[in-house]
Amino acid sequence: MKGLRREEVAVLAGVSADYYIRLEQGRETNPSPQVVDALGSALRLGADARTHLFRLAGINPRTKADSFRDQVHPDLLRLLDAFPTTAAYVMGPPLDILATNERWSARRRRVPRWRRGTLRRSDGKRRVELERRCRAGR
24 MKGLRREEVA VLAGVSADYY IRLEQGRETN PSPQVVDALG SALRLGADAR THLFRLAGIN
84 PRTKADSFRD QVHPDLLRLL DAFPTTAAYV MGPPLDILAT NERWSARRRR VPRWRRGTLR
144 RSDGKRRVEL ERRCRAGR
C-alpha cells in the first residue's frame with residue numbers, strides 16, 4: 024500500500040513484521056486464510072484484488088464471512104440466532120469476530136466503513152469503543 028512501511032502493514036494485519044517480510048519475499052509459503060484476509064484488509068484491497076491475493080497464496084478465495092463462520096460449531100451458531108433482539112457475536116482466540124447474529128450485523132452496518140477498518144487486534148481501545156457504540160445503537 025502506498026505510503027505504508029512494511030512494519031505498518033504488519034501491524035494493521037496483526038502479524039509480526041518479520042513474518043510479513045518473509046511472506047513478501049516468498050520465504051514463507053503457507054499463510055493461513057485468516058492471515059491472507061487480514062493482509063487484504065490492511066492493504067484495503069477490493070474484492071477482485073483480494074480474490075487474486077488468496078489465489079496467489081494457494082487458498083480457495085471464499086468470502087470472509089463464509090471462511091470464518093465455518094469455524095464456529097453449529098450449536099453456537101444456533102445460539103447466536105436464538106437472541107434476535109440482542110446483538111451477539113463469537114470471537115476466536117486472536118480476537119477475530121468469527122460469527123455474528125443479524126442484530127449485530129445490522130448495528131455494525133451503521134458504523135461507517137472507514138471506521139470498521141480501524142478495528143484491529145492491536146487496537147483494543149477502538150474495538151471496545153466500536154462495540155460500546157454498537158450496543159448503544161449509535
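Taking this note's numbering, the leading residue of the sequence shown gets 24, the next gets one more, and so forth.
The C-beta atom is built at its ideal place from N, Cα and C for all residues, glycine as well.
Remember, predicted model here, so these are calculated numbers, not experimental data.
(request) Grab me the residues of Met114's own chain with a C-beta within less than 7 Å of its C-beta, minus the 5 sequence neighbours each way, in chain order. (result) Once the five neighbours on either side are set aside, the close Cβ partners of Met114 are Ile120, Leu121.
(message) Quick check on DSSP: helix, strand or coil for Arg82?
(response) The sequence shown places Ile at residue 82, rather than the Arg named in the question. Coil at Ile82, not helix or strand.
(request) Return yes when the Cβ of Gly63 is within less than 9 Å of the Cβ of Leu76, no when it is not. (result) yes
(request) Give the straight-line distance between the Cα atoms of Val95 and Leu79, rounded to the nearest whole angstrom. (result) 26 Å
(request) Taking the CB atoms as reference points, tell me whether Gly26 and Ala61 lie closer together than 9 Å. (result) no
(message) Beta-carbon within less than 6 Å of Thr74's beta-carbon, same chain only, minus the 5 sequence neighbours each way: which residues are those?
(response) Cβ neighbours of Thr74 beyond the five flanking positions: Pro84.
(message) Helix, strand or coil, according to DSSP, for Ala105 in the structure here?
(response) Coil, per DSSP.
(message) Do Asn124 and Asp17 have their beta-carbon atoms positioned less than 9 Å apart in this structure?
(response) Coverage of the chain is limited to positions 24 through 161, which leaves residue 17 absent and any answer about it impossible.
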